[in-house]
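Novice: Numbering (my numbering), first residue to last: 2 to 159.
All C-beta atoms, glycine included, are put in the ideal place defined by N, C-alpha and C.
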Amino acid sequence: MLFLQANLPIGVLIFIVLGAAAIGFILYRYRDVIQERITGQKRRTKSEIERQIEENIRQIQLLKQQQNYRDGAILIWKTLGLIAYGNLGIRRSPAQTARQFAVVLTSQTRSDPRAIIDLVKLYEKARYSDIPITDKEFEAGISGLVTFYRVVAPTDVE
């Protein structure tokens, strides 16, 4: 309404609107740089490992719906390894057993040792046993994985 009362020529109004749009675009485009300069903190983006972790979690949920607990349990274990490597830099050596890896994880993180041991047992049952995995065991595995992820995952990822 202010522009209409000022009786500005239409060309000036168009110039002002386009200028405001250009400034808005520039601010949006460089928002990360501006935020970094103001706060002094860089904005973290998701790494390829973090994307793979999210994809594995989606696959685990799908396997749960299909009641394919054996494959889901093995994928839970692989996802645990990805989380450990991506967030802590702890990589499981090919010769390292699941139990040895669990000892490393519990000694180098604030995670619940019981949850890690339960994940090892679930993995070993899925990998080496013919006994079916129950829904309750699988849910406990998912819960243990989520708990571990919350303990070690960065909180500033967008």
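Are there 16 or more other CB atoms within 10 angstroms of the CB of threonine 80, so buried, or fewer, so exposed?
Specialist: Threonine 80 should be labelled buried.
Novice: Evaluate the contact criterion for the region 34-43 versus the region 74-94: three or more CB pairs, one atom per stretch, below 8 Å.
Specialist: no
Novice: Which of the three DSSP states, helix, strand or coil, is assigned to serine 108?
Specialist: helix
Novice: What are the start and end residues of the alpha helix (DSSP H) that includes asparagine 88?
Specialist: 70-89
Novice: How is threonine 135 classed by DSSP in three states: helix, strand or coil?
Specialist: coil
Novice: Give me the Cβ distance between tyrosine 124 and alanine 85, rounded to the nearest whole Å; I'm assuming they're in contact under 8 Å.
Specialist: That belief does not hold up - the Cβ atoms of tyrosine 124 and alanine 85 are roughly 14 Å apart, past 8 Å.
Novice: Assign valine 13 to buried or exposed, taking buried as 16 or more other Cβ atoms, counted over all protein chains shown, within 10 Å of its Cβ.
Specialist: It is exposed - the Cβ of valine 13 has fewer than 16 other Cβ atoms within 10 Å.
Novice: Taking alanine 99 and threonine 148 to be in contact with their CB atoms under 8 Å, please state how far apart those CB atoms are, rounded to whole angstroms.
Specialist: Contact doesn't hold; Cβ gap of about 18 Å is too wide.
Novice: For leucine 9, count the other beta carbons within 10 Å of its own beta carbon; 16 or more makes it buried, fewer makes it exposed. Which is it?
Specialist: exposed
Novice: How would you label valine 121, buried or exposed, when you count the other beta carbons within 10 angstroms and need 16 or more for buried?
Specialist: buried
Novice: Rounded to whole angstroms, how far is the Cβ of leucine 76 from the Cβ of isoleucine 61, which I believe are closer than 8 Å?
Specialist: 5 Å
Novice: If contacts are defined as beta-carbon pairs under 8 Å, then tyrosine 70 and isoleucine 27 qualify, I think. What distance do you get, rounded to the angstrom?
Specialist: Contact flag wrong, Cβ pair sits at about 52 Å.
Novice: Could you compute how far the alpha carbon of lysine 65 sits from the alpha carbon of isoleucine 132?
Specialist: Cα-Cα distance, rounded: 17 Å.
Novice: Leucine 63: which of Val152, Ile143 and Glu138 sits nearest, CA to CA?
Specialist: Ile143
Novice: Who are the Cβ neighbours of proline 114 in its own chain at under 7 Å, not counting the five residues just before and after it?
Specialist: Within the same chain, proline 114 has close Cβ partners Thr107.
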